[in-house]
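Following: one structure in C-alpha cells, then a few remarks.
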Amino acid sequence: MSSVDAKEQATKKRKIDEETTQQELKSFDGFTITKILNENASNKSIFVLGKFSKDEKCKEEENAVVILEKTPFSEETVGNLLSSKMELSLQMQNDIYGMFTGYPDKLLNGVKTTVIYPATERHIQKYTAQNVNLICESYEDYVNITLPYLQSQKFSLQWVYNILNKTSEADRIIFEDEDENNGFVLLPDMKWDKKQLENLYLIAICHRKDVMSLRDLNEKHLPLLKNIQEKCRIAVKEKFNVGPSQLRMYVHYQPSYYHFHVHVTHLKFEAPGIQVGRAYLLSDVIENIEMVANYYQKKSMTFSLRENDGLLTKFKEAGKLLQ
Ligand code: DD3
Numbered sequence: 333m334s335s336v337d338a339k340e341q342a343t344k345k346r347k348i349d350e351e352t353t354q355q356e357l358k359s360f361d362g363f364t365i366t367k368i369l370n371e372n373a374s375n376k377s378i379f380v381l382g383k384f385s386k387d388e389k390c391k392e393e394e395n396a397v398v399i400l401e402k403t404p405f406s407e408e409t410v411g412n413l414l415s416s417k418m419e420l421s422l423q424m425q426n427d428i429y430g431m432f433t434g435y436p437d438k439l440l441n442g443v444k445t446t447v448i449y450p451a452t453e454r455h456i457q458k459y460t461a462q463n464v465n466l467i468c469e470s471y472e473d474y475v476n477i478t479l480p481y482l483q484s485q486k487f488s489l490q491w492v493y494n495i496l497n498k499t500s501e502a503d504r505i506i507f508e509d510e511d512e513n514n515g516f517v518l519l520p521d522m523k524w525d526k527k528q529l530e531n532l533y534l535i536a537i538c539h540r541k542d543v544m545s546l547r548d549l550n551e552k553h554l555p556l557l558k559n560i561q562e563k564c565r566i567a568v569k570e571k572f573n574v575g576p577s578q579l580r581m582y583v584h585y586q587p588s589y590y591h592f593h594v595h596v597t598h599l600k601f602e603a604p605g606i607q608v609g610r611a612y613l614l615s616d617v618i619e620n621i622e623m624v625a626n627y628y629q630k631k632s633m634t635f636s637l638r639e640n641d642g643l644l645t646k647f648k649e650a651g652k653l654l655q
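Residue 333 is where the sequence shown starts when you use the working numbering, and the numbers rise one by one after that.
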C-alpha cells in the first residue's frame, strides 16, 4: 500500500469513528427519565435511565444512562465559595449554631455528569442496583466457563482502540510508550474530573491486544508489567508531583473491560473497585509471577458477580456457586 492510500484509509477510518461517537450535548433539553437505576447517598450519586426525545435524526428513542455525582471540595476553590457570591438561606439557628443552605456561584457548583448514549442492555444492567454473589474460579473454571463466555459476548473495546490510535482523548494523554510489546498509554480515567489530586485516577492501557486479563499473564509479560510500573511512577511524579509512595497501582479481576490495563490512583483515594476480591496490586502481580511463572494459570480467584451478570448464570449452570 502506498503512503497516499494509507493516509486515505486512515482518514476514512477516522470519519467512521467520528460518526459512531456521541455528538456534543449542550443540555438535557428533551430528556425524559424512564427509571432511577440506583442511588447512593454516601457518595452523592444517582444513576438514571432515560431517553432523548427530540432526536430528529430519528434514532428511534434509544436509551441513555446518565450518572450524576457531586464532586469533592478543594483547597483551591473553597475561598471562592466562602465569599459574597454565596447566598445563604437559614435553616435553623440555635445559640451559637447556625445551619444554612448555601447557593454557590454556578461555576463552583459543577456536577460531574457521565452520559452513555446509546446505552446497551448491558450498560443498563451494570448500573442497576443488584445483589452480588461470591464466586471461586479455579483455572479450570476459567478455561471451561469464563473464557468461553467472554468469547461469546464480544464486548466492544472500540473506546479503548480509539484511545490507542488517537481517535479519542488524544489531548488527554499524559504519557505514552509506543513500543508494540511493552508500550502503553497513560491518561485520566473517566472517573476522574481532574479537579483535585486527592482523587487522582489514571489508567495505563497497554498497546498489545492479546492480553485480556490477569489470567493471561506469565513470565513473558514481566517486561510489560515492569515497564508500566516504572514509567507510570516517573510520569506521575513529573506531571502531578505525586511520588511512588503515594500511588496505588493495581489491576482488577474480573476487569470491566478485557484489554489489559492498570489503575493508577492516589493512595489517599478509596476508589470504587479497590476492595478485597477485586483489586490486585501490580507489585504483587509482578512478584507472584517472578516466584511462579504460571501463577495466574494456577491460582483460584475469588470475586463477586452481580445477580444478573451472564457469567454468574454460567457458574450457576455448572453448579459452581459456593454453598
Ligand atoms: C466504561 C469502563 C469504561 C460505561 C462507562 C465507562 N477512561 C471508559 C469510554 C472512555 C473510559 C475510561 C464503560 C469508556 Cl461510564 C461503560 O470506561 C473512557 N475513557 N474508563 C477513559 N479515559
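Quick reminder that beta carbons are idealized off the backbone N, C-alpha and C, glycines included.
Going by C-alpha positions, V568 is about 24 angstroms away from K541. Judged by their CB atoms, I560 and F516 are nearer to each other than the 8 angstroms cut-off. In this structure, R504 lies away from L489, with their beta-carbon atoms at least 8 angstroms apart.
Between the segment 429-441 and the segment 466-486, the count of C-beta pairs closer than 8 angstroms stays below three; the two stretches do not touch. The residues G515, F516, N559 and K563, in chain order, have a CB closer than 7 angstroms to that of D509 in the same chain once the five nearest residues on each side in sequence are set aside.
Listed in chain order, the non-local C-beta contacts of I365 below 8 angstroms within the same chain comprise V380, L381 and G382, local neighbours out to five positions each way being set aside. N412: member of the alpha helix (DSSP H) spanning E407 to L413, first to last residue. Judged by DSSP in its simplified three-state form, T460 adopts coil rather than helix or strand.
Remark: C-beta atoms of N626 and N550 approach each other more closely than 8 angstroms.
In this structure, L546 sits away from Y582, with a CB-CB distance that is not shorter than 8 angstroms. By the Cβ neighbour-count rule, C468 is exposed, with fewer than 16 other Cβ atoms within 10 Å of its own. In this structure, the alpha-carbon of N620 lies about 34 angstroms from that of Q528. Separation of T597 and N426 (C-alpha to C-alpha, rounded to the nearest whole angstrom) is 42 angstroms.
For S588, the CB falls within less than 7 angstroms of some heavy atom of the ligand DD3. Counting C-beta pairs with one atom in each stretch, the segment 636-649 and the segment 459-478 have three or more that are closer than 8 angstroms, which means they touch. Between I506 and L534, the C-beta gap is smaller than 8 angstroms, which places the two residues in contact.
The beta strand (DSSP E) runs lying completely inside the segment 423-499 and spanning 3 residues or more are 429-435, 443-448 and 464-469, given in chain order.
In the pairwise beta carbon analysis, the segment 605-618 is classified as not touching the segment 447-456: fewer than three pairs are separated by under 8 angstroms.
Note on geometry: alpha-carbon atoms of F647 and A603 lie some 28 angstroms from one another. In the displayed model, H584 falls within a strand according to three-state DSSP. Nearest in C-alpha terms to E419, of all of E356, L357, L440 and D521, is L440.
A distance below 8 angstroms separates the beta carbons of V574 and L532. DSSP, read as helix, strand or coil, puts D521 in coil. The Cβ-Cβ distance between T403 and D525 falls below 8 angstroms. Using a 10 angstroms sphere on the CB of T445, the tally of other CB atoms stays under 16, which defines it as exposed. Annotation note: the segment 503-587 contains the following uninterrupted beta strand (DSSP E) runs of length 3 or greater, listed N- to C-terminal: 507-509, 516-520, 533-538 and 579-584. N620 carries a helical assignment under DSSP once its states are collapsed to helix, strand and coil. The C-beta of I368 has fewer than 16 other C-beta atoms within 10 Å across all chains shown, which makes the residue exposed. Relative to the ligand DD3, the beta carbon of P604 is positioned no closer than 7 angstroms to any heavy atom.
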